[in-house]
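S.K.:
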Amino acid sequence: MSSLEDSSLRLKRQRTLRVLLTAEFMSMLGTQLSAVGMPWLVLQLTGSSRDMGLVMAAQLAAIAVFGVFGASLVGRMGPRRVMLVGDTVRGPLVALLPLLYYLGWLNIGVFIVVMFAVGAFYAPYLASQQSILPLVVGEDEALLSRATATLQTATRLSVLIGPLLSGVLITALGAPVVLMLDAASFVASAVLLRLYLPRTEPGMEPVKAGRQSVGAGARMLLSDRLVGSWSLGLVIGEMVWQALFALLPVIALTQQHGSPMVAGVLLAMFGGGAVTGTLLVGLLLRRVPALTLAVAGRVALGLAFVMLLLPLSIEALAGCLLLAGLLNGVSSAPIAAVRALRIPPAKRTESLTVATALALAAGALGWALAGTAAQSAGLPAIFHALAVLQVMAAALFVFGARAPAQETQKG
0 MSSLEDSSLR LKRQRTLRVL LTAEFMSMLG TQLSAVGMPW LVLQLTGSSR
50 DMGLVMAAQL AAIAVFGVFG ASLVGRMGPR RVMLVGDTVR GPLVALLPLL
100 YYLGWLNIGV FIVVMFAVGA FYAPYLASQQ SILPLVVGED EALLSRATAT
150 LQTATRLSVL IGPLLSGVLI TALGAPVVLM LDAASFVASA VLLRLYLPRT
200 EPGMEPVKAG RQSVGAGARM LLSDRLVGSW SLGLVIGEMV WQALFALLPV
250 IALTQQHGSP MVAGVLLAMF GGGAVTGTLL VGLLLRRVPA LTLAVAGRVA
300 LGLAFVMLLL PLSIEALAGC LLLAGLLNGV SSAPIAAVRA LRIPPAKRTE
350 SLTVATALAL AAGALGWALA GTAAQSAGLP AIFHALAVLQ VMAAALFVFG
400 ARAPAQETQK G
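First residue of the sequence shown: 0, per numbering that gives the first Met the number 0; consecutive thereafter.
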């Protein structure tokens, strides 16, 4: 390839990556607006926290069900089409809720059905993002790690900005308007992807060869030691994170006289650490291979969770969350890049869809169990359990990294 052709290819990939980043930030910012707006609208509609729980549970159930059993469909459609369909369908679905609310036709049953439909696209969409990045930036591990880190930075910035902005907008304009903004973000993302995400990159269209199935995706996860061990480690880690996040209001209530600001500050400390860690990935990859950075970050993360066993003040706990967020940010992008490149392109989307669904389902389980367990067993016992689980996850990353290179399956 000539230097001119090489330069043209790099520019094309940079443009495509910018489109993905912009679309992801817009879509995720809208989702974070709805993370506050959705439950708020349910409470406005019914005044029942039980109904609010049912609505959010419907979305989580769809994520688990369609993430696993939709893997075969995702494999046939291809990542580009999955992302387009996901944004195109979710926009009108979300817009339907405020429209029905204004017309007086919205009830809890309709709310649950719509949220189930919205959740059905979540895991396939995330998996398609992971599988499309190698098609945009190439199969180089360091480049893919940097691109993944940039995408994660956009996501985490939206997580930091979105809930705060949502609170301000709900106060000023009302929850239905916030949901309309979320719907608009999906539509804008779909337009960007349709206009500027090229169809011609190899692999962006459905893979024609081979039978795509849930079983094939699951077998791929089990057939390679690194992929299987790291996927299980991510499942355990997601359960731990969501359980910890669910405990933050409990900590604020029991240790800080019920101040909600404390819970917000603790979550913000994690978020700030995660964004900082993600921004450091590019710099660290100049000195450390992606595989080493991934494993070292997860081992250090396991040790950081062991610190939770100490009698910590609220300030020390905030420091632990900052450190944990930093280590999570440093290691997440290299993990995603190394694992994705380990999976053959023909099997990548469906395998990542199954893995993503399992991790999200585990996170939902961790969230659901944390409050009940804390009430019955107490916070110290829960912290012990979370530390043990995080150390187990770190051990799985070490075990997987020791897999010989020839274990990679050819697709």
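Just so you know, even glycine gets a beta-carbon here, dropped at the ideal spot from N, CA and C.
These numbers come from a predicted model, not from an experiment.
Do Val64 and Met37 have their beta-carbon atoms positioned less than 8 Å apart in this structure?
M.R.: Not a contact, by the Cβ cut-off of 8 Å.
S.K.: Measuring only the C-alpha atoms, how far is Trp229 from Ile334?
M.R.: Those two C-alpha atoms are separated by around 8 Å.
S.K.: Using a Cβ-Cβ cutoff of less than 6 Å, which residues in the same chain neighbour Val305 once the five nearest sequence positions on both sides are dropped?
M.R.: Excluding positions up to five away in sequence, the list reads Ala386.
S.K.: Counting pairs of beta carbons, one from the segment 295–304 and one from the segment 389–398, are three or more of them closer than 8 Å?
M.R.: The answer is yes - the segment 389–398 touches the segment 295–304, with three or more Cβ pairs under 8 Å.
S.K.: Who are the near neighbours of Phe120 in its chain, counting only those whose CB is closer than 7 Å to its CB and skipping five residues on each side?
M.R.: Cβ neighbours of Phe120 beyond the five flanking positions: Gly85, Val88, Arg89.
S.K.: Who are the near neighbours of Val113 in its chain, counting only those whose CB is closer than 7 Å to its CB and skipping five residues on each side?
M.R.: Here the set comprises Leu92, Leu95, Leu96.
S.K.: With DSSP run on the structure shown, which of helix, strand or coil describes Thr407?
M.R.: Residue placement at Thr407 is flagged as unreliable, the pLDDT there being 41, under the threshold of 50; a coordinate-derived value is accordingly withheld.
S.K.: For chain D, find out if any of its Cβ atoms is closer than 8 Å to the Cβ of Arg155; answer yes or no.
M.R.: In summary, chain D is missing from the structure at hand, where a single protein chain is found.
S.K.: Just the Cα atoms here: how many angstroms apart are Val136 and Ala146?
M.R.: So the two alpha carbons sit approximately 7 Å from each other.
S.K.: Are Met268 and Leu321 touching if we call contact CB-CB under 8 Å?
M.R.: The answer is yes: Cβ separation under 8 Å.
S.K.: Using the C-alpha atoms, what's the distance from Leu307 back to Gly77?
M.R.: Going from the Cα of Gly77 to the Cα of Leu307 covers about 42 Å.
S.K.: Helix, strand or coil, according to DSSP, for Val390 in the structure here?
M.R.: In the structure shown, Val390 sits in a helix (DSSP, three-state: H, G or I).
S.K.: Measure the C-alpha to C-alpha separation of Leu16 and Gln31 and round it to an integer number of angstroms.
M.R.: Each residue's Cα considered, the two are about 22 Å apart.
S.K.: Roughly how many angstroms separate the alpha carbons of Gln241 and Leu164, rounded to a whole number?
M.R.: Distance between the alpha carbons of Gln241 and Leu164 is about 22 Å.
S.K.: Kindly indicate which residue of Phe382, Leu102, Arg224 has the alpha-carbon position closest to the one of Leu247.
M.R.: Looking at the Cα atoms, Phe382 is the closest of the given residues.
S.K.: Quick check on Asn327: does DSSP put it in helix, strand or coil?
M.R.: Looking at Asn327 - three-state DSSP - the assignment turns out to be helix.
S.K.: From Ala293, Leu196, Leu40, Val264, pick the residue whose C-alpha is nearest to that of Leu316; which is it?
M.R.: Ranking the options by Cα distance to Leu316, first place goes to Val264.
S.K.: With distance defined between alpha-carbon atoms, name the residue in Pro133, Ala273, Val190, Ala295 nearest to Phe398.
M.R.: Of the candidates Pro133, Ala273, Val190, Ala295, the one whose C-alpha sits nearest the C-alpha of Phe398 is Ala295.
S.K.: If you compare alpha carbons, which of Gly318, Pro288, Leu196 is closest to Ser132?
M.R.: One detail in the question is off: residue 132 reads as Leu in this sequence, not Ser. If we check each option's Cα against that of Leu132, Leu196 comes out closest.
S.K.: Ends of the alpha helix (DSSP H) at Phe120?
M.R.: Note, Phe120: premise wrong, no alpha helix (DSSP H); not H, not E.
S.K.: Quick one: Cα of Leu134 to Cα of Val41, how far?
M.R.: Going from the Cα of Leu134 to the Cα of Val41 covers about 40 Å.
S.K.: When we look at the beta-carbon of Tyr101 and count the other beta-carbons within 10 Å, is it buried (16 or more) or exposed?
M.R.: So Tyr101 ends up on the exposed side.
S.K.: Roughly how many angstroms lie between the CA atoms of Trp39 and Pro344, to the nearest whole one?
M.R.: Taking the straight line from one Cα to the other gives about 42 Å.
S.K.: Tell me whether Arg155 sits in a helix, a strand or coil according to DSSP, three-state version.
M.R.: DSSP places Arg155 in helix when its eight states are reduced to three.
S.K.: If you draw a straight line from the alpha carbon of Leu231 to that of Leu357, how long is it in whole angstroms?
M.R.: Going by the C-alpha atoms only, they are around 9 Å apart.
S.K.: Can you tell me whether Ile62 is helix, strand or coil according to DSSP?
M.R.: Note: Ile62 maps to helix in three-state DSSP.
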